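Encoded as structure tokens, the structure appears first; notes follow it.
There are 2 protein chains.
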Amino acid sequence: MSPRRSPQPSERQRDPERTRAAILDAAVAEFAAHGFAGARIAAIAARAGVNQQLISYYFDGKEGLYQALSEAWRDRDGDLAATATTPAEQVRRYALEALHNADAVRLMAWGGLEYSGPASDADHRPRAERLQRSVDELKALQADGKLSADLDPGCLLIALMAAAMAPVTLPHVVEGLLGVDARSPEFLTHYADQLALLANTLGLAD
Amino acid sequence: MSPRRSPQPSERQRDPERTRAAILDAAVAEFAAHGFAGARIAAIAARAGVNQQLISYYFDGKEGLYQALSEAWRDRDGDLAATATTPAEQVRRYALEALHNADAVRLMAWGGLEYSGPASDADHRPRAERLQRSVDELKALQADGKLSADLDPGCLLIALMAAAMAPVTLPHVVEGLLGVDARSPEFLTHYADQLALLANTLGLAD
DNA sequence: GACTTTGTCAAACGCTCAGATGATAAAGCC
DNA sequence: GGCTTTATCATCTGAGCGTTTGACAAAGTC
Chain A
1 MSPRRSPQPS ERQRDPERTR AAILDAAVAE FAAHGFAGAR IAAIAARAGV
51 NQQLISYYFD GKEGLYQALS EAWRDRDGDL AATATTPAEQ VRRYALEALH
101 NADAVRLMAW GGLEYSGPAS DADHRPRAER LQRSVDELKA LQADGKLSAD
151 LDPGCLLIAL MAAAMAPVTL PHVVEGLLGV DARSPEFLTH YADQLALLAN
201 TLGLAD
Chain B
1 MSPRRSPQPS ERQRDPERTR AAILDAAVAE FAAHGFAGAR IAAIAARAGV
51 NQQLISYYFD GKEGLYQALS EAWRDRDGDL AATATTPAEQ VRRYALEALH
101 NADAVRLMAW GGLEYSGPAS DADHRPRAER LQRSVDELKA LQADGKLSAD
151 LDPGCLLIAL MAAAMAPVTL PHVVEGLLGV DARSPEFLTH YADQLALLAN
201 TLGLAD
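Here it is, written out as structure tokens:
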């Protein structure tokens with residue numbers, strides 16, 4: 001019988017995988033909350049329950065951590081579109097991301113404002129490909145005469161995306177105008193419904 | 001003949017008003033470009049061509065400057081709605097703000113992401129009142145049967161606002177998907193037209 | 001014309017924060 | 001069991017940055 005060469009990873013005192021993951025998780029929360037400039041690696045380390053130096057050990061400092069995080073999340077947020085039925089339903093689900101995946105939405109919003117210029121192509125291509133499929137769906141609807149042919153599908157998609165992110169990007173406006181907490185589940189579901197309704201009105205109900 | 005008590009303000013060597021204004025202008029550019037956490041008061045002072053210390057002298061440090069800036073801009077961005085004819089036209093003009101008033105749009109976007117919770121009521125009331133009038137217009141359209149009564153006017157307005165800001169909040173997506181510079185006048189006008197078209201489709205054409 | 005107030009600047013201070021160094025111990029290997 | 005590699009930590013360092021200090025001159029006052 002072979003000797004117990006290594007205990008279960010969960011009971012290990014030293015577990016590189018766990019540590020890496022803990023740092024990444026904490027980084028997501030911190031960067032999503034405060035953006036790159038506002039994030040503090042001391043806060044990330046504290047949240048992850050590890051020594052601050054490990055961030056330099058595993059990743060290459062703050063910048064490297066941010067890039068690693070971007071890579072890790074780049075391909076992760078496209079699952080929702082796969083299972084959605086109609087484009088209108090896709091819009092609703094995208095809006096509901098603010099409820100179930102608020103950090104991802106915030107990261108995208110920070111990324112937009114911090115965006116300075118065309119980075120490496122590889123950086124955006126995966127997302128672009130995924131979105132391109134949505135554009136194709138819209139074009140198909142136009143071919144069927146269900147969606148006005150005057151509309152530029154690309155612009156429409158971007159408008160819907162931005163609209164879906166509104167509770168994250170404009171919480172102050174939501175609260176000032178409607179007097180409700182933009183992050184509350186009640187508002188987020190209501191808003192997602194409204195957006196789906198709006199998409200239906202445009203003819204995106206398949 | 002009275003002695004020349006003071007030369008024209010423009011030739012003065014020391015002109016508090018001019019200095020204050022220069023700092024505020026520079027602050028708008030810097031905060032719009034990098035957000036609060038990313039802004040550097042050294043950069044603001046350099047841009048304004050004044051000594052860095054004057055920021056503490058006139059305003060109360062970085063925080064105070066940001067608040068002063070918010071106050072100064074709070075009532076300034078509502079003029080566009082006044083002269084617009086139809087709601088669809090309002091939407092187009094709002095989208096074109098990204099072209100003529102990019103800093104204002106970016107400041108609002110940063111403000112949304114940096115927003116932590118209900119601040120002083122006075123902070124958002126002026127904007128809320130202005131937006132409330134837009135909501136009233138939408139309600140009137142619903143009463144006339146021109147706009148679907150199922151839609152929540154408040155949510156619709158917020159969705160349109162966020163959509164109009166898309167070139168500012170999602171430039172990376174625009175460039176990844178459409179392959180064009182999200183800040184170029186060509187795209188911005190095209191996008192504004194598209195958004196007006198979309199608003200028309202919804203029934204916002206007066 | 002002397003005196004006060006106000007606007008401006010250069011330099012210094014102190015704090016925050018990201019990254020480096022070196023010590024230490026656990027894990028893997030023979 | 002001894003050696004090497006790997007993971008982790010406490011502490012230090014150096015740079016960046018916001019603010020304070022103190023000097024000084026222009027503008028205003030009598």
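Protein chains in written order, with full-length UniProt numbering: chain A, 1 to 206; chain B, 1 to 206. Idealized CB from N, CA, C, for every residue including glycine. The structure displayed is predicted, hence computed values, not measured ones.
Local Cβ density within 10 Å of residue i, reported as buried at 16 or more and exposed below that
i	result
A:S134	buried
B:Y191	buried
B:E175	buried
A:Y57	exposed
A:G112	buried
A:A159	buried
B:P171	buried
Close-in-space but distant-in-sequence residues of the same chain around residue i (CB under 8 angstroms, 5 per side omitted)
i	result
B:A102	A32, V168, R183
B:R40	E30, H34
A:T19	A48, V50, L54, Y58
Expected contact under 8 angstroms - CB spacing of residue i and residue j to nearest Å
i	j	result
B:V91	A:M161	Contact flag wrong, Cβ pair sits at about 17 angstroms.
B:W110	B:F36	7 angstroms
A:L151	B:Q13	Not confirmed; about 58 angstroms, so no contact.
A:L147	A:L204	7 angstroms
A:A88	A:A166	17 angstroms between Cβ atoms; not a contact.
A:G154	B:L177	6 angstroms
residue 245 of chain B	B:R74	Only positions 1 to 206 of chain B appear in this structure, which leaves residue 245 of chain B out of reach.
Same chain only: Cβ atoms within 7 angstroms of residue i, ignoring 5 sequence neighbours per side
i	result
A:A149	Q142
B:A22	A48, G49, V50
B:A164	V91, Y94, A95, L195
A:P16	none
A:T201	none
B:D181	E175, F187
A:G38	none
A:P185	L99
B:E114	G35, F36
Sequence-distant residues of the same chain with beta carbon closer than 6 angstroms to residue i, five excluded per side
i	result
B:A68	F59
B:A27	I44, L65, L69
A:P7	Only weak support exists for where A:P7 lies, its pLDDT of 44 falling under 50; the value from the coordinates is given anyway. Here the set comprises nothing.
residue 223 of chain B	Residue 223 of chain B is absent from the model: chain B starts at 1 and stops at 206.
A:A107	According to the sequence displayed, residue 107 of chain A carries Leu and not Ala. Contacts found: A32.
A:K62	I41
Touching or not, the stretch 128-148 of chain B and the stretch 141-152 of chain A, by the rule of three or more beta carbon pairs under 8 angstroms?
They do not touch, by the three-pair rule.
Quick check: the stretch 103-121 of chain A against the stretch 49-58 of chain A, are there 3 or more CB pairs under 8 angstroms?
No: fewer than three Cβ pairs fall under 8 angstroms.
Write down every uninterrupted run of the alpha helix (DSSP H) in the stretch 91-151 of chain B whose length is 4 residues or greater and which is fully enclosed by it, in chain order.
Runs of the alpha helix (DSSP H) inside the stretch 91-151 of chain B: 102-114, 121-143.
Fully enclosed by the UniProt domain "HTH tetR-type" (17-77) of chain B, which alpha helix (DSSP H) runs are 4 residues long or longer?
Qualifying alpha helix (DSSP H) stretches, in chain order: 41-48, 53-58, 61-74.
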